[in-house]
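Undergrad: Okay, handing you the structure first.
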Amino acid sequence: MTKKKIDVKHQSKDEARNQRYNQYVNAVTPQTGTAKSLFHSFLVGGLICLIGEILFNLIRALFPAMSEIMAGHLMVMVLIVAAIFLTGLGIYDVMARKGGAGMFLPISGFANAMASASMEHKSEGLIMGTSVKLFSVVGPVLVNGIVWSSLAGLIRLLLP
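Under this note's numbering, think of the first position of the sequence shown as 570, with each following residue one higher.
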């Protein structure tokens with residue numbers, strides 16, 4: 570019987586602790602409206618797509634002999650490099666906080682995932698840190714596909 574009373578005491582202490590913790594979590598959790606988040610995601614995602622379209626049209630204007638498919642591939646490569654560069658500068662994370670899901674379009678999101686994992690483990694060295702983490706986060710198929718298709722695209726662009 571004494572043991573049962575102890576459990577009741579501990580249960581009420583645990584409940585009080587849990588209630589205080591839940592109040593703390595509610596106090597520090599940022600309150601965002603769903604409509605506002607959706608609007609920001611739509612705006613930022615649309616802006617990335619608009620930038621892609623502008624790049625595509627600019628590439629087509631600068632290289633009129635280039636096929637639409639090749640111009641599209643070059644535009645995607647520019648978006649990937651831009652996302653990696655912005656991740657390296659720490660700007661991508663700031664933009665992602667405001668833009669939400671709009672920043673994680675497939676191309677820019679994968680580029681950010683690769684670059685941030687690589688940067689996070691650079692202290693482990695070039696091979697075992699930076700290079701290995703590129704493969705472990707996003708996957709060998711994706712990384713190899715981007716690297717080799719980019720290299721092939723550049724060679725194709727330079728060759729007549």
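Note that CB positions come from ideal geometry on N, CA and C, so glycine has one too.
What three-state label does DSSP hand residue 621 in the structure shown?
TA: helix
Undergrad: Compare the C-alpha of residue 685 against each of 610, 584, 658 and name the closest.
TA: 658
Undergrad: Quick one: using the 10 Å Cβ neighbour count with 16 as the cut-off for buried, is residue 624 buried or exposed?
TA: buried
Undergrad: Let me know the secondary structure DSSP gives residue 571 once reduced to three states.
TA: In this predicted model, residue 571 has a pLDDT of only 49, less than 50, meaning its place in the structure is not dependable; the value taken from the coordinates is given anyway. Residue 571: helix per DSSP, three-state reduction.
Undergrad: So what does DSSP say about residue 682, is it helix, strand or coil?
TA: DSSP places residue 682 in helix when its eight states are reduced to three.
Undergrad: Within 10 angstroms of the Cβ of residue 644, are there 16 or more other Cβ atoms? Answer buried if so, exposed if not.
TA: buried
Undergrad: Assess, as a yes-or-no matter, whether the segment 646 to 662 is touched by the segment 582 to 599 under the definition of 3 or more beta carbon pairs within less than 8 Å.
TA: The segment 582 to 599 vs the segment 646 to 662: no contact.
Undergrad: Spatial neighbours of residue 669 within its chain, please: C-beta separation below 6 Å, excluding the five flanking residues on both sides.
TA: 606, 609, 610
Undergrad: Measure the Cβ-Cβ separation of residue 683 and residue 712 and say whether it is below 8 Å.
TA: yes
Undergrad: Helix or strand or just coil, what does DSSP make of residue 656?
TA: helix
Undergrad: Residue 673 by DSSP, collapsed to three states: which one?
TA: helix
Undergrad: Should the segment 685 to 694 be called in touch with the segment 620 to 634, which here means at least 3 C-beta pairs below 8 Å?
TA: no
Undergrad: Grouping DSSP H, G and I as helix and E and B as strand, with all else coil, what is residue 602?
TA: coil
Undergrad: Have a look at residue 653 and residue 681 and give me their C-alpha separation to the nearest angstrom.
TA: When the Cα atoms are used, residue 653 and residue 681 turn out to be separated by approximately 6 Å.
Undergrad: According to DSSP, is residue 690 part of a helix, a strand, or is it coil?
TA: coil
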